[in-house]
Amino acid sequence: MMMNDAIRWQVWATTPVTFLMSLLVSNGVVNTLPAYASSITEAQSTEEITTSTTLPENHVESSPNLPILDNLTSVADLSSTGGEIDSNQSISQVTNVTQLRDVSPGDWAFEALRSLVERYGCIAGYPDGNYRGNRAMTRYEFAAGLNSCLQQIERIIQTGDKGTVSSPDLSTLQRLIDEFKTELASLGSQVDKLEGRVAFLEDRQFSTTTKLSGLVWMNITSASANDDVRVEAISAASPDVRFAGRGTDGKPLVQKADNPNITMSTLTFLTLNTSFTGKDLLVTQLAAGNGLSPANQFASAGLFNSFGTPFLDQTAGPNNGATEVVIRDLFYQFPVGDRVKLVVGPRVNWHRFFDDNSFTFFLTGGSSFNSNGTTVYDPIDRGSGVVALVNLGEKLQLNMGYLGENNEFLPSAFGFNTSSNPSKGLFSGTNVITAELTYKPTPRANIRLSYSHITLDNNGGVVSGEPIYGVADDGFGGRIKPADVNAFGVNFDWLISSKIGIFGRYGYATTDIDPSTPGISGGNINSQSIQFGLGFRDLGKEGALATVSFLVPFDILKGRKFLVAGGGDGGTQYEVEATYYYPLTNNIAIVPAFYLIGNPNNFDSNPTIYVGNLRAQFSF
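The numbering of the sequence shown is my numbering, which starts it at 17 and goes up by one.
Rendered as C-alpha cells:
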C-alpha cells in the first residue's frame with residue numbers, strides 16, 4: 017500500500033532488535049541476509065554511524081494549506097494521517113541514547129537502543145527528548161523506520177564501510193527472525209486487516225470533498241415571576257404571534273401574562289462543509305428544533321426570542337414548536353488573491369462574520385439571545401448577498417458586507433424572506449450594509465468597531481427588528497414608511513490572564529420615523545445597548561468556561577412615543593446572566609444558565625423575571 021500523503025514520520029519499537037528484525041522481514045530482506053553476511057568480513061571495524069537518514073523526496077508529498085477549512089476530512093485523508101500522529105510532535109534525530117530522557121541505563125531496552133541509535137542512527141526521538149517506546153507503532157511510523165534503517169544498511173554494504181554490520185549481528189537477527197516468526201506473521205495480518213478496512217471505507221465514504229458534522233442540544237427551561245407581567249400586545253394568548261396596537265386613547269394596549277410551565281426541547285444543526293479546490297468552502301447547514309422557550313410568555317410584541325430566552329432553546333423554522341428541517345446557512349466562500357476572501361450566497365449568516373466575541377460564542381459562552389450578539393446593529397441573522405473578508409495585516413481585519421433579509425425562522429406569509437420575494441427582492445426589503453474593523457493589539461485581546469446602515473421594511477405599515485426592540489408606528493396608530501437606521505458599535509474581549517477575561521459591547525442607533533399620513537410629523541428613535549461581563553476559563557475543569565454579564569438590550573434615549581410596543585412605562589430593562597460550560601468529554605457538555613430580567617418590557621412596574629436553563633450539548 018503506497019503511503020504518499022504528507023505526514024511527520026515517527027519511529028517506535030517494542031524492543032529495538034525485534035523492531036529492526038520486523039523491518040527486515042516485512043521488506044523481504046530476510047532472504048538476502050546470507051548474501052549480506054557473505055559480503056562482510058569479521059575484520060571490519062565498529063565505527064559508529066551517526067548521520068541521520070531521511071525518506072526520499074518522492075515518498076512524501078506536502079499537503080495543501082487549507083486556511084479556511086481546517087476541519088475538512090475525508091476517508092482518503094484518514095488513509096494518509098494514521099489518526100494517531102500529532103503534527104505538533106515532530107521527530108528529531110538523536111545520536112546518543114542518553115538524549116532519550118525516558119530511557120535510563122537500568123531499563124531493559126537501554127543496550128538495544130544504544131546499538132540502534134549509536135551504531136545505526138535510524139531511531140528518532142521527540143523534540144522533548146522522550147522515546148516513548150511503550151506506544152503502539154502505526155504503519156506510517158513503521159514505513160519511516162523501514163525506509164531509514166534499510167537505507168542505512170544498504171549504504172553501509174554498498175559503500176563498504178567496515179565493521180558496522182557484522183556477521184554475528186546478522187546471525188543474531190536471523191535467529192530472532194526464526195524465533196518471532198509467529199508474532200511477525202500476526203503483525204502482517206493486522207496490517208492487512210487495517211488496509212482492508214480502509215479500502216472498505218473508501219468505497220463507501222459519504223463524499224471525498226465534503227465533511228458532515230453535527231450538533232444536538234436538549235434543553236430544560238423554566239421562567240417565572242412573582243406577579244403577572246405587563247405585555248404590550250393586542251392579546252397575550254399566544255407568545256409566538258403577538259401584534260401591537262393602540263387603544264382609543266392612543267396609548268399602547270397592555271395585557272398581563274402569568275407564569276408559563278417548564279419545557280423540554282431539542283435543536284439540531286447538521287453542517288456540510290465542502291471544498292472543491294482546498295481553498296474554497298461551500299457551507300450548507302440544516303436545522304430542526306421544537307423549542308418555544310417559556311420566557312417568551314412575558315414578551316411584548318416584537319420581543320419574541322429576546323430577553324430571557326436561551327439561544328439554543330428555539331424552533332429552527334417559522335412554525336414555532338413544530339419540528340421542521342430548514343436550510344439555516346447556505347453560502348460559498350473563496351479567495352481573491354492572498355488577502356481577500358469573498359462570501360456569496362442566498363442565506364449568509366451575518367454572525368459568522370461580524371460581532372464576534374470569544375466569551376459570548378453560543379456553544380461555550382453567554383447563552384441568551386441578547387448576550388450572544390449585539391442588540392442594536394443586526395436586524396438580519398441570515399440574508400442574501402455578499403461579504404468581503406480583507407486581511408490588512410497581522411493585527412487588522414476588515415469585514416464588509418451587504419445582505420438582504422432571508423431568515424429561515426420568519427414566515428413568508430407575513431411578508432418576510434424579502435430577498436427571495438419578487439415583490440421586494442434583494443434590495444427593496446429589509447437589508448443591512450455592515451463594515452467592521454477588528455484590531456488585535458495582543459494575541460489575547462480584540463477590539464471591533466462596527467457601522468451598519470439598515471433599512472427596516474414597513475411590514476404591515478409598522479417597523480420592527482433591531483435596533484427596535486418592539487414595534488414602531490407614527491405615534492398615533494398610523495402607518496409609516498420603511499425606516500433608515502444608522503448604527504454604531506464597539507465590541508471587545510480581553511483575556512487578562514490565562515484564566516480570567518473581560519468582555520463587552522456598546523451600541524448606539526438612530527432610526528428615522530417617516531409617517532405615511534400627510535400632516536403627521538416624524539422623528540427619530542435613538543437607542544443604545546450596553547453589555548459588560550467577566551469570563552473564567554478552565555473553572556473546575558480544563559476546557560470549562562464560566563461567564564457572568566450585565567446588559568441593557570434596548571435603552572430608549574429619544575422617540576419613545578413612536579413605540580407601540582417596547583416602550584413600556586419609561587423604565588429600562590436590564591439583564592444579569594450567568595452561564596457555565598462544563599465539558600464532560602470532547603463531544604459532550606452540560607451547560608447550566610441562569611438569567612435575571614429586571615424591568616421587563618421597559619416597565620418599571622413589572623416584577624423581576626427569573627429564568628433557568630439546563631442544556632445538554634452533543635457534537636459529532
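All C-beta atoms in this analysis are idealised placements derived from N, C-alpha and C, irrespective of residue type, glycine included.
Residue i classed as buried or exposed, judged by whether at least 16 other C-beta atoms fall within 10 angstroms
i                 : result
lysine 267        : exposed
lysine 440        : buried
aspartate 371     : buried
tyrosine 213      : The sequence shown places arginine at residue 213, not tyrosine. Per the 10 Å Cβ criterion, exposed.
phenylalanine 327 : buried
lysine 557        : exposed
arginine 521      : buried
glutamate 73      : Any reading at glutamate 73 must be qualified, since the residue scores a pLDDT of 34, below 50, and its modelled position is unreliable; no value is offered.
glutamate 593     : buried
proline 255       : buried
leucine 308       : buried
lysine 411        : exposed
glutamine 206     : exposed
Straight-line gap, residue i to residue j (C-alpha atoms, nearest Å)
i                 : j                 : result
glycine 420       : lysine 209        : 54 Å
asparagine 622    : glutamate 482     : 23 Å
valine 359        : phenylalanine 347 : 7 Å
serine 537        : alanine 499       : 14 Å
threonine 526     : arginine 631      : 36 Å
lysine 574        : lysine 515        : 40 Å
glycine 294       : lysine 227        : 13 Å
valine 247        : valine 479        : 18 Å
aspartate 345     : glutamine 589     : 32 Å
glycine 587       : serine 387        : 20 Å
threonine 446     : arginine 220      : 45 Å
isoleucine 625    : tryptophan 366    : 30 Å
aspartate 687     : leucine 550       : Because the chain is modelled from 17 through 636, residue 687 falls outside the range shown and cannot be assessed.
glycine 230       : asparagine 373    : 22 Å
threonine 287     : phenylalanine 636 : 10 Å
threonine 533     : serine 428        : 27 Å
serine 435        : aspartate 397     : 13 Å
leucine 414       : glycine 353       : 15 Å
phenylalanine 619 : arginine 460      : 39 Å
isoleucine 278    : asparagine 462    : 38 Å
asparagine 437    : asparagine 407    : 34 Å
isoleucine 496    : glutamate 424     : 26 Å
Beta-carbon proximity of residue i to residue j, cut-off 7 Å
i                 : j             : result
alanine 317       : alanine 239   : no
phenylalanine 369 : valine 403    : yes
threonine 563     : glycine 431   : no
proline 531       : glycine 494   : yes
phenylalanine 578 : glycine 491   : yes
phenylalanine 634 : valine 232    : yes
leucine 302       : valine 341    : yes
glycine 559       : proline 608   : no
alanine 503       : valine 392    : yes
alanine 581       : glycine 486   : yes
threonine 290     : threonine 339 : no
isoleucine 546    : valine 568    : yes
alanine 311       : threonine 284 : no
glycine 523       : glycine 505   : yes
CA nearest to the CA of residue i, picked from the options
i                 : options                           : result
arginine 355      : Pro483, Leu405 and Arg344         : Leu405
isoleucine 484    : Ile529, Phe508, Asp509 and Leu550 : Ile529
alanine 315       : Gly583, Tyr598 and Arg631         : Gly583
arginine 313      : Ser635, Asn617 and Phe636         : Note on residue identity: the sequence assigns glutamine, not arginine, to residue 313. Of the candidates Ser635, Asn617 and Phe636, the one whose C-alpha sits nearest the C-alpha of glutamine 313 is Asn617.
valine 627        : Gly486, Phe610, Ser635 and Asp620 : Phe610
tryptophan 510    : Gly523, Arg553 and Leu472         : Arg553
phenylalanine 548 : Pro534, Asn540 and Ser565         : Ser565
asparagine 603    : Leu567, Asn289 and Thr380         : Thr380
alanine 253       : Gly263, Ala605, Pro276 and Arg262 : Pro276
threonine 390     : Gly361, Ser322 and Ile172         : Ser322
aspartate 571     : Gln544, Tyr596 and Leu555         : Gln544
serine 400        : Pro362, Gly523 and Phe425         : Pro362
tyrosine 596      : Gly505, Phe375 and Phe425         : Phe375
asparagine 475    : Asn433, Asn462 and Ala461         : Asn433
arginine 576      : Phe385, Ala488, Glu591 and Thr454 : Ala488
Residue i at chain D interface by Cβ criterion, 7 Å
i          : result
serine 223 : You won't find chain D in this structure, because it holds only one protein chain.
Next on the checklist: For the region 441 to 456 against the region 468 to 475, do three or more pairs of beta-carbon atoms, one drawn from each stretch, fall closer than 8 Å, so that the two count as touching?
Outcome noted: yes
Item to check | Touching by the beta-carbon criterion (3+ pairs, under 8 Å), the region 328 to 336 and the region 269 to 276 | outcome: no
Item to check | Stretch pair the region 241 to 258 + the region 281 to 298: three plus CB contacts closer than 8 Å | outcome: no
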